[in-house]
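Have a look at the structure below before the remarks.
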Amino acid sequence: MFSLKQVLRVFGLGLQTIPSRASAAFVVIGGFAGAVGVLVAVQSISGGLLSLMQRSGRDDRVVVHSPRPIDKSAVLTVAELPQVMRSAAGESVASGEVFAYAFAPKKSNSQEARVTVHGFAGDLPQLLPELRLTQGRMFRPGMHELIVGAGAANQFVGLSVGSSVKLPGGDWLIVGSFSSSHSLLESQLLTDVTTLMGSMRVSEYDSILVRMNPSADFDSFKNALTVLPDFQFEVDRERAYYIQRSQSFYTLLQVITYVIGSIIFAGAIVSALNTMYSVVRSRTVEIGTLRAIGFRGSIVAMGVLFEASLLGALGAMLGAAIAWFCFNGNTVSLLGGSNNTQLVIELTIPSSGLMNGILLGLLAGLAGGLLPAVSAARQPITKALREV
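Under this note's numbering, the residues of the sequence shown are numbered 19 to 406, in order.
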């Protein structure tokens with residue numbers, strides 16, 4: 019009959035002998051610490067990307083886009099709809115958007131990377147109320163001027179206030195810096211869309227950003243646009259639009275995370291397997307004695323499994339803690355924005371990621387201890403007695 023009390027006795031005896039085989043225990047703990055640490059660290063990138071996209075949209079902002087070029091008449095059509103917010107001066111709070119890019123060296127490795135340049139028009143404080151100037155002033159329409167997001171300024175060389183950036187039409191001056199609640203905008207340089215379009219010699223917009231009235235219904239706004247015969251508008255809430263655009267990159271990061279994690283965990287399980295086999299061999303006399311005094315093989319096997327799972331869990335918790343303190347909250351820039359530009363991401367390790375890593379360590383410890391546990395259960399009593 020299975021007896022938890024007997025299992026715990028075998029488990030306790032095993033723990034008492036760990037100091038005499040500390041090096042073997044450290045091998046198991048270190049293997050799982052490394053595996054879980056890498057898994058959680060890589061997962062922090064995808065977690066940071068998802069958090070970035072969720073912070074980068076407002077419920078009252080909508081992105082209107084189209085597979086066809088968006089001309090000025092399309093922007094005016096959208097802006098005149100009654101669901102669009104009006105400023106105190108009666109102007110529609112909507113803007114055609116154009117995206118370009120500039121080159122700047124990364125501070126981390128001095129390699130040049132693309133940084134998004136985002137053109138807006140109209141009343142920017144009304145359209146982007148989360149934007150806060152932290153230094154300098156706002157760009158002026160008609161001038162080759164930019165403001166830089168805090169993330170881009172921190173990650174790239176030469177994007178401080180007073181610096182110049184090469185864009186179509188010559189050097190553009192950075193006249194201010196801003197924060198925006200750690201949103202996607204902080205990875206970008208912002209400027210006047212009309213000036214940017216003139217410098218790029220383009221006449222169409224990439225999309226239209228609209229701020230809706232608080233009382234406006236999104237579905238009615240969407241229906242009003244999608245039924246227009248002269249346009250092929252697609253309408254999404256801003257947050258959903260960004261999450262959708264980043265989905266392929268997010269999926270790629272998830273695949274990389276689990277592929278790397280699987281390889282490393284396989285190595286950790288093999289290491290635990292070999293180590294636990296050596297532990298069973300070193301405890302031949304002890305295991306044989308337990309069998310001789312009445313402990314069943316299944317009880318001995320469970321004790322060995324408990325020990326392996328404990329070592330796996332300890333290693334997993336150690337690895338998760340190291341990854342949390344070393345990575346969570348750090349900021350990196352990765353290729354993944356529009357036109358293959360950089361996204362400034364704050365690495366984020368969700369609590370679910372930590373718990374999953376620890377659970378995997380526990381399960382991997384059990385996997386690594388299974389065969390040695392079976393070997394211990396089948397060990398003949400006479401073998402132990404011969405070694406006494």
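The C-beta atom is built at its ideal place from N, Cα and C for all residues, glycine as well.
Owing to the predicted nature of the structure, the values given are computational and were not obtained by experimental measurement.
| query | result |
| --- | --- |
| Simplified DSSP assignment, three categories, for aspartate 237 | helix |
| Backbone CA spacing between leucine 372 and glycine 333 [nearest angstrom] | 13 Å |
| Selection from Ser238, Gly176 and Met161 that minimises the alpha carbon distance to threonine 213 | Met161 |
| Serine 105 vs aspartate 78 beta-carbon contact at 8 Å | no |
| Within 8 Å, strictly: CB atoms of valine 54 and alanine 338 | yes |
| Own chain, CB closer than 7 Å to valine 350, minus 5 neighbours either side, in chain order | Ile363 and Leu365 |
| Beta-carbon proximity of serine 201 to isoleucine 192, cut-off 8 Å | no |
| Nearest-angstrom beta carbon gap, alanine 131 and lysine 125 [assumed within contact, 8 Å] | 10 Å between Cβ atoms; not a contact. |
| When Ile367, Gly108, Phe117 and Gly375 are compared against glutamine 144, the one with the closest alpha-carbon | Gly108 |
| Residue span of the beta strand (DSSP E) that contains alanine 112, given as start and end | 112-123 |
| First through last residue of the beta strand (DSSP E) which encompasses alanine 131 | 130-138 |
| Nonlocal neighbours in the same chain, by C-beta distance under 6 Å from aspartate 248, ignoring five residues either side | none |
| Distance between leucine 207 and histidine 136 (C-alpha atoms, nearest Å) | 6 Å |
| Pairwise C-alpha distance: alanine 42 and lysine 413 | The requested residue 413 is not part of the displayed model; the chain covers only 19 to 406. |
| Rounded separation between arginine 13 and isoleucine 287 - CA only | Outside the displayed span of the chain (19 to 406) sits residue 13, for which this structure offers no information. |
| heavy atom of the ligand PLP below 7 Å from leucine 388 C-beta | What this structure holds is no ligand at all, so the ligand PLP is not there to describe. |
| Coil, strand or helix - isoleucine 363 by DSSP | strand |
| DSSP state of glutamine 173 mapped onto helix, strand, coil | helix |
| Residue closest to glycine 154, alpha-carbon to alpha-carbon, out of Phe343, Ile165 and Leu271 | Ile165 |
| Under 8 Å between C-beta atoms of glutamate 252 and histidine 83 | yes |
| At least three beta-carbon pairs within less than 8 Å, the region 68-75 to the region 314-322 | no |
| Host alpha helix (DSSP H) of glycine 49 (start-end) | 40-73 |
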